[in-house]
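Written out below as structure tokens is the structure these notes cover.
Residue numbers (the numbering used here), protein chains in the order written: chain A, 76 to 133; chain B, 493 to 751.
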């Protein structure tokens with residue numbers, strides 16, 4: 076694992092951390108919106124996707 | 493690097509959404525619509541279960557209507573009552589919003605996949621992408637489905653908040669367990685990983701519906717299998733496409749990989 080870390084494009088680790096945190100935050104936000112947001116309009120819009128992807132629905 | 497990660501996730505999410513949307517229209521949407529016909533024949537009993545927590549009195553009426561008309565039928569509207577919450581119209585609008593939700597979900601999953609790859613120190617490629625995508629499938633599709641099988645409308649049992657909580661806990665524990673087993677690999681980590689994989693199922697999922705339903709069981713079985721199949725394809729495309737896009741974005745603009 077350490078060797079892989081070093082090979083990874085040689086970026087500074089704090090920049091990597093920033094990218095990871097940003098992507099994780101954004102990703103969780105999008106998944107929440109599509110799969111969990113309780114607003115009725117969002118639920119209704121995403122209804123078939125939620126059922127198909129096995130998000131708890133209604 | 494941030495730009496490269498987001499671009500690759502957008503490409504992967506888009507490609508996966510195109511594939512998964514096609515599969516959903518062909519395989520699951522017809523079953524959902526068929527199930528809603530059975531559901532709309534029922535009374536409004538399940539409606540109370542999916543009220544959002546802390547709903548204001550004015551919005552209490554909404555779920556009562558939506559319980560049977562969220563399938564796109566607005567025949568329950570009566571004069572003087574609060575109108576039901578917005579919903580896409582039947583047919584094309586509904587399909588467009590399903591596609592849109594799939595796109596949002598796909599990009600979200602692709603971002604999480606990319607973040608995990610980078611955080612684990614892996615250079616994204618179609619191969620590593622696919623490996624992590626299989627882990628993603630296990631964590632958010634297969635493991636939660638063991639306790640909460642994919643449901644058609646009208647099959648819901650336990651309160652929504654309980655099921656959502658168990659779903660999130662199971663997905664998080666499975667992801668962490670897989671990380672410990674596949675990446676940490678020390679005996680203690682593997683033991684801990686197995687505990688994390690098993691614990692949510694020992695704790696037990698919220699009860700599934702045992703109530704008799706007019707819905708033919710064949711529909712439910714078919715839906716569960718198809719849903720998991722689509723989820724696997726969804727994840728596989730996300731992983732492969734993310735690895736591919738990461739490298740092609742990097743080639744076109746090598747500066748981003750060092751910026």
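Note that beta-carbon positions come from the ideal geometry of N, C-alpha and C, so glycine has one too.
Quick caveat, the model's predicted, so the values are computed rather than measured.
- The beta carbon of residue 667 of chain B lies closer than 6 angstroms to those of 631 in the same chain, with the five residues before and after it left out.
- At the C-beta level, residue 120 of chain A and residue 593 of chain B come within 8 angstroms of one another.
- The alpha carbon of residue 714 of chain B has as its nearest neighbour, out of B:505, B:518, B:728 and B:735, the alpha carbon of B:518.
- Across the structure, residue 729 of chain B and residue 627 of chain B are spaced so that their CA atoms are roughly 13 angstroms apart.
- Using a Cβ-Cβ cut-off of 8 angstroms, residue 597 of chain B counts as an interface residue toward chain A, since at least one Cβ of chain A sits closer than that to its own.
- Rounded to the nearest angstrom, the Cβ distance from residue 647 of chain B to residue 707 of chain B is 7 angstroms, consistent with a contact under 8 angstroms.
- Between the alpha carbons of residue 726 of chain B and residue 599 of chain B lies a gap of roughly 11 angstroms.
- Residue contact check for residue 89 of chain A against chain B: no CB pair falls below 8 angstroms.
- In this structure, residue 621 of chain B lies away from residue 693 of chain B, with their beta-carbon atoms at least 8 angstroms apart.
- Residue 703 of chain B and residue 103 of chain A have their C-alpha atoms spaced approximately 34 angstroms apart.
- Assignment of residue 578 of chain B by DSSP, reduced to helix, strand and coil, places it in the coil class.
- Residues 636 and 640 of the same chain have their beta carbon placed closer than 7 angstroms to that of residue 659 of chain B, with the five preceding and five following residues left out of the count.
- Using a CB distance below 7 angstroms, the part of the segment 513-525 of chain B facing chain A consists of 516, 520, 521 and 524, ordered along the chain.
- In the structure shown, the three-state DSSP call for residue 654 of chain B is helix.
- Within chain A, not a single residue places a beta-carbon under 9 angstroms from that of residue 638 of chain B; the smallest gap is close to 11 angstroms.
- Pairwise C-beta distances place the segment 604-623 of chain B in contact with the segment 733-745 of chain B, as three or more of them are shorter than 8 angstroms.
- Within the model, the alpha-carbon separation for residue 670 of chain B versus residue 92 of chain A is close to 21 angstroms.
- If you draw a straight line from the Cα of residue 654 of chain B to the Cα of residue 494 of chain B, it comes to about 35 angstroms.
- Closer than 8 angstroms to the CB of residue 635 of chain B there is not a single CB belonging to chain A.
- The Cβ atoms of residue 496 of chain B and residue 742 of chain B sit closer than 8 angstroms to each other.
- Using a Cβ distance threshold of 8 angstroms, residue 124 of chain A and residue 514 of chain B do not count as a contacting pair.
- One finds nothing in chain A with a Cβ atom closer than 9 angstroms to the Cβ of residue 727 of chain B; even the nearest lies about 10 angstroms away.
- Look at the segment 651-729 of chain B and you find no whole run of beta strand (DSSP E) that is 3 residues long or longer.
- Distance from the CA of residue 656 of chain B to the CA of residue 614 of chain B, rounded to the nearest whole angstrom, comes to 31 angstroms.
- Counting along the chain, residue 514 of chain B sits inside the alpha helix (DSSP H) bounded by residues 494-515.
- Annotated as proximal: residue 642 of chain B and residue 129 of chain A, with beta-carbon spacing under 8 angstroms.
- At least one CB of chain A lies nearer than 8 angstroms to the CB of residue 655 of chain B.
- Residue 586 of chain B is classed as buried because its beta carbon has at least 16 other beta carbons within 10 Å across all chains shown.
- With a 10 Å radius around the Cβ and a threshold of 16 neighbouring Cβ atoms, residue 524 of chain B comes out buried.
- Cβ neighbours of residue 616 of chain B within its own chain (closer than 8 angstroms, five residues either side excluded): 500, 606, 609, 610, 734, 735, 738 and 739.
- At a beta-carbon threshold of 7 angstroms, none of the residues of chain A lie near residue 714 of chain B; the nearest stands roughly 12 angstroms away.
- Of B:588, B:686, B:682 and B:652, the smallest CA-CA separation from residue 132 of chain A is found for B:652.
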